[in-house]
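Offset between the sequence shown (1-based) and our numbering: plus 407.
From the three backbone atoms N, C-alpha and C, an ideal C-beta is built for every residue, glycine too.
None of these values were measured; they are calculated from a predicted model.
Have a look at the structure below before the remarks.
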Amino acid sequence: MKKIFIIVAIAIIIASCKKTDETPATPALKPIQKQWGLVIEYTAKWCGPCGNWGAPLMHDLCSSSPYVVGIAAHDSGDPMHNSTLFTAFETDRTTGGGIPSFWIGDEDSQSQSTLNSLLAKTATAAIDLNYTKTATAMTINTQTKFFTAANGDYYLSVLILESGVDGGVNATSDYKQNGASDPNFKHEHILRAAAGGKSYGESIISGAITAGKTVNKSYTIAIDPTWKKTLYPVAILWKYESGSTVPKYKFINCIEKK
């Protein structure tokens, strides 16, 4: 009897250890046919109008739906400026010569109705992602799914954004937002990094694409130790169209995971 009791006790201990040591499984990727909106704001901490009405407008646009990705690309003379990524976005989606300046999808616009029209579209393709993060890097796994047949050259950009950086009255002069009326102002959606250092990413599929086709990709992006607030990944699908008309990278869909 004593022997049976000892065997049962050992079995319970082993089972218990297994449970404790298990690593949670990474959630399976499953894109859903949902159209997201994309808002890009060109801004800077030294720009009065950016703090006065640009940031509040960006907040309103991004808060109008849970399916909106916002990207704040900071101009030069700002510690949040990433020259390579800012220039790449600006080249294809011009600021129009000043900031704050907004793009919604493929439109040089700051209108809520433009965003609403974009969100109302039927998604022809969509992305899902999951990620793991350490102190030095973020690894992002993506799956892109085409719900309808397509043809062309499709690019996927994978970005790291940061939100929650203090820009209010108690912020250091480097980050204090000029023109902001909120004493507790926070910088949100800061464009920090991109896979491969490319705003518009890499070509993931081209030519004739059948409905139901999926493309899986994984990316690892280094994390700067000075990025101490909320870091999260964004993935954007574009269709590249050569020619003289900009934007050449046509917005298809996007997603973010916080």
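- Per DSSP, the unbroken beta strand (DSSP E) holding T549 starts and ends at 544-553.
- Secondary structure note for H466: its alpha helix (DSSP H) is the uninterrupted segment 462-470.
- The alpha-carbon of S588 is positioned some 10 angstroms away from that of G455.
- The Cβ atoms of H466 and I597 lie no closer than 8 angstroms to each other.
- By the CB criterion at 8 angstroms, T621 and T546 fall outside the cutoff.
- By the Cβ test, the stretch 645-654 is in contact with the stretch 558-574, since at least three Cβ pairs between them sit closer than 8 angstroms.
- Within the same chain, A533 come within 7 angstroms of I439 by CB-CB distance, once the 5 residues on both sides are set aside.
- Leaving aside the five residues that flank G571 on each side, the residues in its chain whose CB is nearer than 6 angstroms to its CB run, in chain order, K593, K636, T637.
- Counting along the chain, the unbroken beta strand (DSSP E) around F509 starts and ends at 508-511.
- Exposed is the label assigned to G484, since fewer than 16 other Cβ atoms lie within 10 Å of its Cβ.
- Per DSSP, D515 lies in no beta strand (DSSP E) and is assigned neither H nor E.
- Here the stretch 568-586 does not lie against the stretch 441-449, with fewer than 3 beta-carbon pairs under 8 angstroms apart.
- If you draw a straight line from the Cα of A544 to the Cα of K441, it comes to about 29 angstroms.
- Counting only the Cα atoms, P507 lies some 21 angstroms from L566.
- Going by DSSP, E663 is part of the beta strand (DSSP E) stretching over 656-663.
- Under the DSSP definition of a beta bridge, K620 lacks any partner.
- In this structure, A618 sits near F554, with a CB-CB distance shorter than 8 angstroms.
- Taking C-alpha positions only, S606 is separated from G503 by approximately 19 angstroms.
- Closest option to L464, judged by alpha-carbon separation, among K452, G477, T529, W453: G477.
- One alpha carbon belongs to Y639, the other to S516, and they sit about 25 angstroms apart.
- Inter-residue distance for A527 and E514 is about 15 angstroms (C-alpha atoms, whole angstroms).
- Within the same chain, Cβ atoms closer than 7 angstroms to the Cβ of N585 are found at K452, W453, C454, G455, G458, the five residues on either side in sequence being excluded.
- Excluding sequence positions up to five before and after G603, its CB lies within less than 7 angstroms of the CB of E609, all in the same chain and listed in chain order.
- Per DSSP, the continuous alpha helix (DSSP H) segment holding S490 begins and ends at 490-499.
- In its chain, beyond the 5 residues on either side, T546 have a beta carbon closer than 6 angstroms to the beta carbon of T539.
- As computed with DSSP, K646 is found in a beta bridge with Y561, K657.
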